[in-house]
Every structure is written in structure tokens, then in C-alpha cells.
Amino acid sequence: MDTQELLKKVRKIEIKTRGLSTNIFAGQYHSAFKGRGMAFSEVREYQFGDDVRDIDWNVTARFHRPYIKVFEEERELTLMLLVDVSGSLDFATRGQLKRDMATEIAATLAFSALQNNDKIGMVFFSDHIEKYIPPKKGRKHILYMIREMLDFQPESHQTDVCQALEFLLQVMKRRCTAFLLTDFMMADKCYDDSVFRLAGRRHDMMAIQLYDPWAAELPDVGLMKVVDAETGYEQYIDTSSKKLRQLYRNNWTNRQRRLNETLNMSKIDHTSVTTDGDFVKALKGMFDKRIR
Numbered sequence: 038m039d040t041q042e043l044l045k046k047v048r049k050i051e052i053k054t055r056g057l058s059t060n061i062f063a064g065q066y067h068s069a070f071k072g073r074g075m076a077f078s079e080v081r082e083y084q085f086g087d088d089v090r091d092i093d094w095n096v097t098a099r100f101h102r103p104y105i106k107v108f109e110e111e112r113e114l115t116l117m118l119l120v121d122v123s124g125s126l127d128f129a130t131r132g133q134l135k136r137d138m139a140t141e142i143a144a145t146l147a148f149s150a151l152q153n154n155d156k157i158g159m160v161f162f163s164d165h166i167e168k169y170i171p172p173k174k175g176r177k178h179i180l181y182m183i184r185e186m187l188d189f190q191p192e193s194h195q196t197d198v199c200q201a202l203e204f205l206l207q208v209m210k211r212r213c214t215a216f217l218l219t220d221f222m223m224a225d226k227c228y229d230d231s232v233f234r235l236a237g238r239r240h241d242m243m244a245i246q247l248y249d250p251w252a253a254e255l256p257d258v259g260l261m262k263v264v265d266a267e268t269g270y271e272q273y274i275d276t277s278s279k280k281l282r283q284l285y286r287n288n289w290t291n292r293q294r295r296l297n298e299t300l301n302m303s304k305i306d307h308t309s310v311t312t313d314g315d316f317v318k319a320l321k322g323m324f325d326k327r328i329r
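In case it helps, the working numbering puts the sequence shown at residues 38 to 329.
And the structure:
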């Protein structure tokens, strides 16, 4: 992709996602994600109904009338975006590529965080950490991240989500808000439930699964050549076989059951969206659930 084409795509994504973050998610983002805690703001005279536990006894003794400490929520957050860049993201039978949808979702979240004056960082991962962009503030920083998402070429085509979570635990010592954007198409050996639980306990974690409709339901289109985007393995399958389609459906159902159980036990909020689906609706649903 040449520079001019890349800049045009960055600008197009900025216009779309910044509009979404301003018109749809600004208030919800602020409400859904709480700050680090309560910080001391000032003291003022005690008023009827104030909590006596907030009385500042030193100031009260000095002025011979009761004063209380006033606290306010520390709103500034750090938002970390963990973005899957493995080979399986470059696929879609309908709608847009999973990689393109991940880019738009990440940009929407980043611009929502920008309005809240939060820092935003990013991790690109495959079966290892491909690139780390430390958290910073500002529009230029977000545009740089969008440019990287559009033009980045990973070293590996395979996936290991646990590598991304372990890296997050290493680099983010303080609690942050983190979004995991992936299709969860990884080998069973890459599945470590304990890492999910630790990440969910240490940080405010959310996961967004992006998947193609064919991942859940194999269509009946006769003999078809399939290629594993992560390993390169090729084979022909007969999709007219009811038994094959049922096995395929059962495999998807079982993987989804395990994934949902793991995320629920780890207290990681999560949602799924298909490549031809509406990610805005999915995000709003997840935010609304946190606000209620």
C-alpha cells in the first residue's frame, strides 16, 4: 500500500470512527469505565446529611466548627487495545475482513478514550508479541495506531491469545481498561484458563470476538477446497455431507462453550460480532450491560 492510499484510508477510518465515538459512545464510555479510585479535592463546611466519617478533625479543631473532606473520582484511565494480527483475521465470506472490523472497533474505542482524556496503548499479537505501542494521549497518537493497524505485516500467521494477556500483565503494573480483539481461532495448547483469570482479576478486561458466519455453520456447497490461514494446510472437504456439517457445528459449539465459560469465570465482559454484523450494536450492548 503506497503512502497516499494509506493516508486516505486512515482519514476515512478517522471520520467514521470519530463520528461514532462522539455521537454514540462518548457518554457510555465515560459511564462504563470507572477511574482508579477517589482522590482528595478540598475541604468545606459540614452540611446536614454529610457523612460524619468524612470530617477533617484537624481543620475542624482549627476553626471550631465541623469541616469535611471532599473527594472526587480519578477519571483518567489507561486504555490498552490487544489486537490479533494473525492470518485468520484476513478472512471473510461476507461483510468486511475481520482485520478491517478490528481496526474500526479499535479506532472507535480509542477516540472515545481521547474524549475522556485517557491514555491509549496497543499490542499487536499473533502467537507472540508482534509490536507494542506504549500508552500516550492525543489525536496524532491514535492516527499513528490506525496507520499501523492498516499497514502492519506480522511475522507469524498463528494465534496465541495467552501470550497477549501475559504481556499485558508484564507491562501494565497498574490497573487499566483493556480490550481484546480476536477471533479466538487458536490451538487448544494455547489455551491457559489461569492466564485469563489473572488478567481479569488484575485489569478491567473486555473481549470482542470477531468471526465469519461460516465459522459457525458450514454451508452446503459441494466439494470445497479449504486452507488454514494460520498453518497453510490445505484439504478438500465435501460440504454436502450432513454428518460433516454436523461435526463442524458441534466443534464450533463446544469451542464457544469453553470460551464463554472461561471468560465468565475470569470476569471478562465479552461479546461477539460477525463480519457482516453491526459492531456498533455489539459495543453498545456491552456498554449498556456495564452501566446497568
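The C-beta atom is built at its ideal place from N, Cα and C for all residues, glycine as well. Everything numeric in this text was worked out from a predicted model, so none of it was measured.
Do you know whose CA, among the options, lies nearest residue i's CA?
i, options, result
"E298", "R234, F324 and R239", "R234"
"I245", "I52, M138 and D88", "M138"
"A224", "C199, Q207 and K210", "C199"
"G269", "P256, F316 and H194", "H194"
"W251", "D121, D197, K135 and P103", "K135"
"L116", "V264, A147, R90 and G124", "A147"
"G314", "Y104, Y248, T219 and M243", "Y248"
"Q293", "K280, H307 and L281", "H307"
"L118", "V96, H165 and M243", "M243"
"E318", "L300, S303 and I142", "This sequence places Lys at residue 318; Glu is not what is there. Minimum Cα distance to K318 is reached at I142."
"A266", "R211, L126, C227 and Y228", "L126"
"R211", "N301, P172 and D93", "P172"
Looking at residue i: is its Cβ nearer than 8 angstroms to the Cβ of residue j?
i, j, result
"S231", "P191", "no"
"L205", "A236", "yes"
"E254", "K262", "no"
"R239", "A69", "no"
"F221", "L296", "yes"
"F128", "F161", "no"
"D121", "T219", "yes"
"T40", "S123", "no"
"D155", "L202", "no"
"Q133", "T311", "no"
"I170", "M159", "yes"
"E82", "R102", "yes"
Could you pull out every residue in the same chain whose Cβ sits closer than 6 angstroms to the Cβ of residue i, ignoring the five residues on either side in sequence?
i, result
"S149", "S58, F62 and Y66"
"I349", "What is shown of the chain runs 38 to 329, which leaves residue 349 out entirely."
"D325", "none"
"D275", "L260"
"D241", "T214"
"D257", "T276 and S277"
"D88", "none"
"S309", "Q246"
"K304", "G237"
"K168", "F161"
Any chance the CB of residue i is under 7 angstroms from a heavy atom of the ligand GTP?
i, result
"N291", "What this structure holds is no ligand at all, so the ligand GTP is not there to describe."
CB-CB under 8 angstroms to residue i, same chain, minus the five flanking residues each way: which ones, in chain order?
i, result
"L330", "Residue numbering for the chain in the displayed model covers 38 to 329; residue 330 lies beyond these limits and cannot be assessed."
"L187", "M38, L43, K46, V47, I50 and T140"
"R286", "A253, E254 and L255"
"V96", "V80 and Y104"
Between which residues of its own chain and residue i is the CB-CB distance below 7 angstroms, once the five residues before and five after are set aside?
i, result
"D91", "I105 and K106"
"D229", "C199"
Please go through the stretch 139-193 and give each complete beta strand (DSSP E) segment of 3 or more residues, from N-terminal end onward.
-> Listed in chain order, they are 156-162 and 166-173.
3-residue-minimum beta strand (DSSP E) runs that sit fully inside the stretch 87-138, ordered along the chain | 104-110 and 115-121
Can you give, in chain order, each stretch of the alpha helix (DSSP H) that sits fully within the stretch 217-280 and has at least 4 residues?
-> 230-239 and 250-253
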